[in-house]
Amino acid sequence: MSLTLYYSPTSPFARKVRIAAIELGLNNELELIALNPFEAGADYWAVNPLSKIPSLVTRDGFVLPDSRLILDYLRTLGDALEADGANDWANRKRQQLADGVIDAAVSANLEQRREAQLISKHWFERQLAAVRRALAFLEAEAGQLRTSGRITVAEISVASALGYLDLRLSNSLDWRSESVQLASWFATISQRPAVRDTVPPV
1 MSLTLYYSPT SPFARKVRIA AIELGLNNEL ELIALNPFEA GADYWAVNPL
51 SKIPSLVTRD GFVLPDSRLI LDYLRTLGDA LEADGANDWA NRKRQQLADG
101 VIDAAVSANL EQRREAQLIS KHWFERQLAA VRRALAFLEA EAGQLRTSGR
151 ITVAEISVAS ALGYLDLRLS NSLDWRSESV QLASWFATIS QRPAVRDTVP
201 PV
């Protein structure tokens, strides 16, 4: 039985899973089912009652409804990703901050897509401010991020976050001018096949 991934091509959390699957050599047994979670109905609610993506149905039919759970599961199927290590709190912190960038960026994107009279500028700017603070931290640690050999979930998370900023917030956030080292790292890791082959459609 194959692995079934419910995803959206533009979802940064789903992209994390897709990058990891390629890195782990699992891509060929990953069945991709694209959907819009905002338009999903009872069939998908039976898979994930939160109607969020991604969700993975494992080989034995068990459902994992969150990218972090999915990544933990995929890492039990292969060893091509570098282990974080029990005491590697710095790497885990980078991963968490990257996920926080995604959360804030998704929130800002949803806000800017509302009808003009309903948009909260305060809320939108607050999300952008959170993104900038997290990027400032990651910029200072860009030298710790890998681009070759075995990468970690932290690198996958940061790459997915930056790719999402380019996709959804490029008109509001010039992150490259504020994070030069991070931009250089992203340009390099973007040439890695797993990252290059999962670039979201515009």
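FYI, the numbering for the sequence shown is 1 to 202, going by full-length UniProt numbering.
For every residue, glycine included, the Cβ atom is placed at its ideal position computed from N, Cα and C.
Source: prediction; values computed, not measured.
Buried or exposed: P9, going by 16 or more other Cβ atoms within 10 Å of its Cβ?
-> By one-based count along the sequence shown, residue 9 stands at place 9. Classification for P9: exposed.
Would Q144 be called buried (16 or more neighbouring beta carbons within 10 Å of its own) or exposed?
-> Start at 1 with the first residue of the sequence shown, and residue 144 comes out as number 144. The residue is exposed, with fewer than 16 neighbouring Cβ atoms inside 10 Å.
If you draw a straight line from the C-alpha of W185 to the C-alpha of R192, how long is it?
-> Residue numbering aside, residue 185 sits at position 185 when the sequence shown is read from its first letter. Residue numbering aside, residue 192 sits at position 192 when the sequence shown is read from its first letter. About 11 Å.
Could you check which residue in A142, N48, I102, I189 has the C-alpha nearest to that of L35?
-> Working through the sequence shown from its first residue, we reach residue 35 at position 35. Of the candidates A142, N48, I102, I189, the one whose C-alpha sits nearest the C-alpha of L35 is N48.
Assuming A161 contacts I70 under a Cβ cut-off of 8 Å, what Cβ separation, rounded to an integer in Å, is found between them?
-> As a working mapping, residue 161 is identified with position 161 in the sequence shown. As a working mapping, residue 70 is identified with position 70 in the sequence shown. About 17 Å; that fails the 8 Å criterion.
Would you identify the three-state DSSP class for E23, choosing helix, strand or coil?
-> By 1-based counting over the sequence shown, the position of residue 23 is 23. Residue state, collapsed to three classes: helix.
So, helix, strand or coil for L97, using DSSP?
-> Locating residue 97 in the sequence shown gives position 97, where the first residue counts as 1. Three-state DSSP puts L97 in a helix.
Would you identify the three-state DSSP class for V63, choosing helix, strand or coil?
-> Stepping through the sequence shown from its first residue, residue 63 is reached at position 63. Here V63 sits in strand by DSSP.
Cβ-based neighbour list, L77, same chain, cut-off 7 Å, excluding 5 preceding and 5 following = On the sequence shown, position 77 is the one that residue 77 refers to. Result list for L77: L24, L26, in chain order.
When DSSP labels each residue in this structure, what does A34 get in the three-state scheme?
-> Counted from its first residue, the sequence shown places residue 34 at position 34. Strand at A34.
With DSSP as the reference, label V47 as helix, strand or coil.
-> Residue 47 sits at position 47 when you count from the first residue of the sequence shown. If DSSP states are grouped into helix, strand and coil, V47 belongs with coil.
CA-CA distance, A163 and S11?
-> On the sequence shown, position 163 is the one that residue 163 refers to. On the sequence shown, position 11 is the one that residue 11 refers to. As written in the sequence, residue 163 is Gly, which differs from the Ala given in the question. Each residue's Cα considered, the two are about 10 Å apart.
Helix, strand or coil at S55 [DSSP, three-state] | As a position in the sequence shown, residue 55 is number 55, starting the count at 1. In this structure, S55 counts as strand in the three-state DSSP scheme.
Under 9 Å between the Cβ atoms of I19 and V202?
-> Working through the sequence shown from its first residue, we reach residue 19 at position 19. Working through the sequence shown from its first residue, we reach residue 202 at position 202. No; because the gap between Cβ atoms is not below 9 Å, this pair is not in contact.
Touch check for the segment 103-113 and the segment 53-69: three-plus C-beta pairs under 8 Å?
-> no
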